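Chemist: Take this structure, written in structure tokens, and hold onto it; I'll ask about it next.
Protein chains: 2
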Amino acid sequence: MLSTLLNHRSIRRYKSIPVSTSDLNEILEAGTRASTTGNMQVYSIVVTTDPDIKEQLWECHFKQDMVRQAPVVLTFCADFNRFNKWCRQRQADPGYDNFLSFFTAAIDALLVAQNVAIAAEDKGLGICYLGTTTYMAHKIIEVLKLPKGVVPVTTLVIGYPDEMPGLTDRLPLQAVVHQQIYNDYTPEAIDAAYQPKENMPFYQEIVQKNGKKTLAQVFTDIRYTRNDNVRFSREFLEVIRQQGFMNHEL
Amino acid sequence: MLSTLLNHRSIRRYKSIPVSTSDLNEILEAGTRASTTGNMQVYSIVVTTDPDIKEQLWECHFKQDMVRQAPVVLTFCADFNRFNKWCRQRQADPGYDNFLSFFTAAIDALLVAQNVAIAAEDKGLGICYLGTTTYMAHKIIEVLKLPKGVVPVTTLVIGYPDEMPGLTDRLPLQAVVHQQIYNDYTPEAIDAAYQPKENMPFYQEIVQKNGKKTLAQVFTDIRYTRNDNVRFSREFLEVIRQQGFMNHEL
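From first to last, the protein sequence lines stand for chains A and B. Numbered per my numbering, the first sequence finishes at 257, counting up by one with no gaps. Numbered per my numbering, the second sequence finishes at 257, counting up by one with no gaps.
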């Protein structure tokens, strides 16, 4: 099993073979075994295979080809709508229209998503997460008709791989693990953490191609810019409010 | 592998056997293979085994016995501190002091946490998530000395199980999965989703013991109340701001 975890790579090219309903259900079932706060299961999974709806999701996800190509798109949502409806149907007054409840539901959804990713990979399928989900949450809400109480937090595409990329590099374990308490990074520790990556020809090429001086500048100036982050922050916070998770009155 | 996922149960009683460093490192290594946004790895894991610090964390986590009993407490943090320091050391201007960046880092941390949970279980260890992490983030920040740019989002206790509880019930799969788009719940669908749970003697006893009329009331009136949720929401949002993730100026 550990080998499934250790061999994870994100797959961005897929064969046009569908995933069988029985395989998909087995994978989703394994997903729902993930830990969930108070066993409330405050999440939903939207399974999209319909080409027209996938096309609309593809627009949402910055037109990344894999959304069209992969046979299955799974949108994982923080969802208190179902729980709230249950409460109201049972003479109970739900107090889940606040940020903590949103975040609790997001945790639930993300743990399920990772279980689903692992179960899919264990079955020989490939997966890729779409970080664009939070950037474009307002559009995804329209496409998938998500009601109040529901916010998309991540997306997985799933299908049979049509590529086998190498393992992606990671920082040395000691760079992300702290013993007992947080040991803040000295300049030397930062160098030790990032130099192996910076010295890889793969990244040196990226720096050069982008006309930058350092790899860090590729991130700050091109890939994840302040402008985009601030714009998407405002929009995502507005989505959380509109979906009913920012009522902090007592 | 699927069997590891399908057999998950939260373990709340642990034997006083330590987890070996080599096992722990193997588990953490498997954790870091999880998908991460743009391969930025914007998370940290704090490994706490020291009894005095565990005692302080136990206070934070509402004095749940398992925090004292389990040999290892892992605090998973959204962490842009390391990445920001790297950027500044490389003539790059990091624009990651906003809510989107916090949420991106939280996703990273949560996917790693679930990989760690699965790797641990695959090795015969037991795990339990602590939802109290977000409620008491401000206190955990003090205990673990988390600097600006770092927010704890979840905690796992890990150790050798001293109990073997049965599998926890889950809602029927079709109650949490939607086909193509979100199919909002009719009153009948809500009944179908929750009645199997409500009819279990285990839950009927809980309702009775708590002097409530419905299981939903146990959640709204006792376990997860509006008062607590609103208070923890305000505190957690304040933590996110204090740790430097609410700058939305351009």
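Ideal Cβ positions, reconstructed from N, Cα and C, are used throughout, including at glycine. Since the structure is predicted, the reported quantities are computational estimates derived from the model, not experimental observations.
What's the gap between the Cα of K92 of chain B and the Cα of P159 of chain B?
Modeler: The alpha-carbon atoms of K92 of chain B and P159 of chain B are separated by roughly 19 Å.
Chemist: Nearest by alpha-carbon distance to I165 of chain B: which of B:T11, B:Q76, B:V49 is it?
Modeler: For I165 of chain B, the nearest C-alpha among the options comes from B:Q76.
Chemist: May I ask you to verify whether the segment 185 to 194 of chain A touches the segment 41 to 49 of chain B, counting CB pairs closer than 8 Å and requiring at least 3?
Modeler: Too few Cβ pairs lie closer than 8 Å, so no.
Chemist: Where in the segment 152 to 207 of chain B do unbroken runs of the beta strand (DSSP E), each at least 3 residues long, occur, reported from the N-terminal end onward?
Modeler: As far as the segment 152 to 207 of chain B is concerned, its whole beta strand (DSSP E) runs of at least 3 residues are 157 to 166, 184 to 186.
Chemist: Find the residues of chain B that neighbour K220 of chain A, judging by a C-beta separation of less than 7 Å, and give them in chain order.
Modeler: Result: Q98.
Chemist: What number of angstroms, rounded off, separates the C-alpha of R40 of chain B from the C-alpha of V119 of chain B?
Modeler: Between R40 of chain B and V119 of chain B, the C-alpha separation is close to 8 Å.
Chemist: So, for P154 of chain A: in the same chain, excluding its five sequence neighbours on each side, which residues have a beta-carbon less than 8 Å away from its beta-carbon?
Modeler: Within the same chain, P154 of chain A has close Cβ partners N88.
Chemist: Using only the alpha-carbon positions, how far apart do G156 of chain A and G251 of chain A sit?
Modeler: Computed Cα separation, rounded: 6 Å.
Chemist: Give the DSSP-derived three-state secondary structure of Y142 of chain B in the structure shown.
Modeler: Correct three-state label for Y142 of chain B: helix.
Chemist: Measure the beta-carbon distance from L117 of chain B to L117 of chain A and round it to whole angstroms, keeping in mind my assumption that it falls under 8 Å.
Modeler: So it is a contact: roughly 4 Å between Cβ atoms.
Chemist: For S17 of chain B, does the three-state DSSP call read helix, strand or coil?
Modeler: Note: S17 of chain B maps to strand in three-state DSSP.
Chemist: Beta-carbon within less than 7 Å of E242 of chain A's beta-carbon, same chain only, minus the 5 sequence neighbours each way: which residues are those?
Modeler: Only H145 meet the Cβ criterion.
Chemist: List, in order along the chain, the chain A residues whose C-beta lies closer than 7 Å to that of L117 of chain B?
Modeler: Under the 7 Å cutoff, chain A gives I114, L117, L118.
Chemist: Starting from K92 of chain B, find everything on chain A with Cβ-Cβ shorter than 7 Å and list it in chain order.
Modeler: Under the 7 Å cutoff, chain A gives Y192, I197.
Chemist: For N46 of chain A, which residues in chain B fall below 7 Å Cβ to Cβ?
Modeler: Simply T175.
Chemist: Tell me which residues share the same chain as N122 of chain B and place their Cβ nearer than 7 Å to its Cβ, disregarding the 5 neighbours each side in the sequence.
Modeler: So the qualifying residues of the chain are A37, G38, R40, A41.
Chemist: Can at least three beta-carbon pairs, one atom from the segment 22 to 35 of chain A and one from the segment 127 to 135 of chain A, be found at a separation below 8 Å?
Modeler: In short, these stretches touch, since the Cβ pair count reaches three.
Chemist: For I147 of chain A, does the three-state DSSP call read helix, strand or coil?
Modeler: Residue state, collapsed to three classes: helix.
Chemist: Restricting to Cα atoms, I'd like to know which of B:L12, B:L9, B:D176, B:P25 is closest to P168 of chain B.
Modeler: Of B:L12, B:L9, B:D176, B:P25, the residue nearest in Cα terms is B:P25.
Chemist: Any heavy atom of the ligand PLP within a distance shorter than 6 Å of the CB on C94 of chain B?
Modeler: By its list of ligands, the structure shown contains no ligand whatsoever, and the ligand PLP lies outside what it can speak to.
Chemist: Can you list, in chain order, the residues of its chain whose CB lies under 8 Å from that of N105 of chain B, leaving out five sequence neighbours each side?
Modeler: F252, M253, N254, H255.
Chemist: Hey, would you say L107 of chain B sits closer than 7 Å to N236 of chain A, going by beta carbons?
Modeler: Yes, they are a contact pair.
Chemist: Just to make sure I have the definition right: I need the residues of chain A whose C-beta is within less than 8 Å of the C-beta of T232 of chain B. Which are they?
Modeler: Going along chain A in sequence order, the residues near T232 of chain B (Cβ under 8 Å) are G102.
Chemist: What's the C-alpha gap between K279 of chain A and P58 of chain A?
Modeler: Nothing can be reported for residue 279 of chain A: it is not among the residues displayed for chain A, which extend from 8 to 257.
Chemist: Once the 5 residues before and after T111 of chain A are set aside, which same chain residues still bring their CB inside 7 Å of it?
Modeler: Same-chain partners within the cutoff: T44, V49.
Chemist: Please name the residue in A:V54, A:T82, A:Q249 whose C-alpha comes closest to that of T161 of chain A.
Modeler: The shortest C-alpha separation from T161 of chain A is found at A:T82.
Chemist: Could you name the residues of chain B that K152 of chain A contacts, counting a contact when the two beta carbons are closer than 7 Å?
Modeler: Under the 7 Å cutoff, chain B gives I188, Y189.
Chemist: How would you label G133 of chain B, buried or exposed, when you count the other beta carbons within 10 angstroms and need 16 or more for buried?
Modeler: Buried, since its Cβ has 16 or more Cβ neighbours within 10 Å.
Chemist: Quick check on the burial criterion: 16 or more other C-beta atoms within 10 angstroms. Buried or exposed for T175 of chain A?
Modeler: When all chains shown are included, T175 of chain A counts as exposed.
Chemist: Which residue spans inside the segment 27 to 88 of chain B form an unbroken beta strand (DSSP E) run of at least 3?
Modeler: The segment 27 to 88 of chain B contains these whole beta strand (DSSP E) runs: 50 to 55, 79 to 86.
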